[in-house]
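Heads up, the thing below is written out as structure tokens.
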Amino acid sequence: MRAHAERCGMPSPKRIIATGGASANHSILSSIASIFGCDVYTVQRSDSASLGAALRAAHGWLCNKRGSFVPISCMYNDKLEKTSLSCKLSATAGDQELVTKYAWLMKKRIEIENRLVQKLGRW
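So for the sequence shown, UniProt numbering puts the first residue at 1; every next one is plus one.
Right, dumping it as structure tokens:
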């Protein structure tokens, strides 16, 4: 994930918000924190797909009602702590030595991938 995000030009994240079923697994969250080198947060609800769909529907309804675009953040300004959208710190960035090792492994994996693409071409 990190290699592909960097390849797409995305900056290093300052934090990651993990959702879905894996967000309940502390080992996965700790690995993500070590790979990306930043803190990982979770929301109160692990069924975020249905929550996200409901929020998008409510946002669309609000924009339609007002007749123009409304930033989605307006839906929960000053109410975030009272919703299931509030985040809690679940895994800290951790050991910088481990982050450095993951970065080295990522670069090696990219080198191998590039050699395979050169040798075999794109599928």
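We put the CB at the ideal spot given by N, CA and C, even for glycine.
Please read these numbers as outputs of a predicted model, since none were measured by experiment.
Assuming residue i contacts residue j under a Cβ cut-off of 8 Å, what Cβ separation, rounded to an integer in Å, is found between them?
| i | j | result |
| --- | --- | --- |
| Cys87 | Val43 | 6 Å |
| Leu29 | Ser90 | 5 Å |
| Ile16 | Cys38 | 6 Å |
For residue i, which three-state DSSP category applies?
| i | result |
| --- | --- |
| Thr100 | helix |
| Val117 | helix |
| Cys74 | helix |
| Ala91 | strand |
| Met106 | helix |
Rounded to the nearest angstrom, what separates residue i and residue j at their Cα positions?
| i | j | result |
| --- | --- | --- |
| Gln96 | Leu62 | 44 Å |
| Asn25 | Gly67 | 42 Å |
| Pro11 | Ala5 | 8 Å |
| Ile110 | Ala22 | 25 Å |
| Ala103 | Arg7 | 13 Å |
| Gly20 | Ala54 | 15 Å |
| Ser27 | Arg2 | 18 Å |
| Leu120 | Pro13 | 33 Å |
| Met75 | Ala58 | 9 Å |
| Arg56 | Asn64 | 12 Å |
| Gly9 | Asp78 | 33 Å |
| Lys108 | Asn114 | 10 Å |
Might you give, ordered along the chain, the residues of its own chain that have their beta carbon closer than 7 Å to the beta carbon of residue i, omitting 5 neighbours on each side?
| i | result |
| --- | --- |
| Ala33 | Asp39, Val40, Ala91, Thr92, Ala93, Gly94 |
| Ile35 | Arg2, Tyr102 |
Just to confirm my understanding: we take residue i, look at its own chain, exclude 5 residues before and 5 after, and list those with CB closer than 6 Å. What are they?
| i | result |
| --- | --- |
| Ile72 | His59 |
Complete runs of the beta strand (DSSP E) confined to the UniProt domain "Carbohydrate kinase FGGY C-terminal" (5–61) [at least 3 residues]: 15–18, 39–43
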